[in-house]
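Quick note: the sequence shown uses our numbering, first residue 139, plus one each step.
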Amino acid sequence: PEKYNYVFNFWKEKNNFIKDINKCILNIAKQTNTLITIRPKLYEANKKIHSNIINEVKNYKGNNITIDYFTNTHDLILNSDIIIGMQSTTILESLIANKLVILPLFRNFKNSAHFNDLMFKEYLHLFKVFEEPEKLINYIANFTNSKSIMKTGNHLDDKIELWNKYFFTNKSIANKLYENNFNKILN
């Protein structure tokens, strides 16, 4: 529809936006003793837009940053203090795990047409949002030095509402759904 015609237009800031995020992650690693795991999706590893950070991490001389394609994402979430992400259900899972989730909305992203596609734009109050890389780096450095999480608030009802919007429900109903579908097939 015309409403979404911007999707096919190249956002001129996209490459710089990704570069800013990658540079920010590397600067966090260089300026703090924070252990960082980058968890790309395996099928995206060969995309040019991701190869830059992969190569930069390989060239980085420190030992506090890794790229991990295979560790169970839930284990990574549970063993992390802070999760940084954008358009991923992993950040929803991190919210439910009561982790601090950071959205790096650099390059005036909130004023771009592509902000319309941000899955969680109506729920920004659940996240720690940074529009400047330097402020994000300072935030992580302060966390590292103080060893305490800077809370964004609980908002459990909003977290569950957001979860249900993308995952149907937070109730354990999978077995009942399977049973109902099998019964429909058998009848």
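Virtual Cβ for every residue (Gly too), placed ideally from N, Cα, C.
The structure displayed is predicted, hence computed values, not measured ones.
Quick one: what does DSSP say lysine 266 is sitting in, helix, strand or coil?
-> Secondary structure of lysine 266 (DSSP, three-state): strand.
Extent of the continuous beta strand (DSSP E) run through proline 242 = Its beta strand (DSSP E) spans residues 238-242.
Residues near valine 239 in its chain [Cβ-Cβ closer than 6 angstroms; skip 5 each side] | Within the same chain, Ile221, Ile229, Ser232, Leu233, Phe265 come within 6 angstroms of valine 239 by CB-CB distance, once the 5 residues on both sides are set aside.
Whole-number beta carbon distance between aspartate 158 and arginine 177, since they are thought to touch under 8 angstroms | Between arginine 177 and aspartate 158 the beta-carbon gap is near 19 angstroms, outside 8 angstroms, which marks them as no contact.
Return helix, strand or coil for threonine 209, following the three-state DSSP convention.
-> Residue state, collapsed to three classes: coil.
What did DSSP end up calling threonine 227 once you bin it into helix, strand or coil?
-> Residue state, collapsed to three classes: helix.
Please classify leucine 324: is it buried, with 16 or more other beta-carbons within 10 angstroms of its beta-carbon, or exposed?
-> It counts as exposed.
Residue interval of the beta strand (DSSP E) (run including threonine 170) | Membership of threonine 170 in any beta strand (DSSP E) is not indicated, and neither H nor E is assigned to it by DSSP.
Compute the distance between the beta-carbons of isoleucine 174 and isoleucine 203, then report whether it is under 7 angstroms.
-> Contact: yes.
Using the rule of at least 16 other Cβ atoms within 10 Å of the residue's Cβ for burial, across every protein chain shown, is phenylalanine 247 buried or exposed?
-> With 16 or more neighbouring CB atoms inside 10 Å of its own CB, phenylalanine 247 falls in the buried class.
Measuring CB to CB, does histidine 188 end up less than 7 angstroms from glutamate 194?
-> For histidine 188 and glutamate 194, no; Cβs fall outside 7 angstroms.
Chain-order list of residues whose beta-carbon lies under 8 angstroms from that of threonine 209 (same chain, five-residue window excluded) = Its chain contains Thr175, Arg177 as the residues whose beta carbon lies nearer than 8 angstroms to that of threonine 209, once the 5 sequence neighbours on both sides are disregarded; these appear in chain order.
Terminal residues of the continuous alpha helix (DSSP H) containing phenylalanine 247?
-> Per DSSP, phenylalanine 247 lies in no alpha helix (DSSP H) segment and is marked neither H nor E.
Out of curiosity, what's the CA-to-CA distance linking arginine 245 and glutamate 260?
-> Each residue's Cα considered, the two are about 19 angstroms apart.
C-alpha gap between leucine 241 and leucine 274, whole angstroms | Their Cα atoms are separated by approximately 10 angstroms.
Extent of the continuous alpha helix (DSSP H) run through aspartate 255 | Careful: aspartate 255 lies outside any alpha helix (DSSP H) and carries neither H nor E.
Environment of alanine 251 [buried if 16+ CB atoms lie within 10 Å] = With a threshold of 16 other beta carbon atoms within 10 Å, alanine 251 falls short and is exposed.
Sequence-distant residues of its chain with Cβ nearer than 8 angstroms to leucine 262 (five each side left out) | Residues Leu241 of the same chain have their beta carbon placed closer than 8 angstroms to that of leucine 262, with the five preceding and five following residues left out of the count.
Got a sec? Which residues, its chain only, sit under 8 angstroms from histidine 293 by beta carbon, not counting five neighbours each side?
-> Cβ within range, chain order: His263, Leu264.
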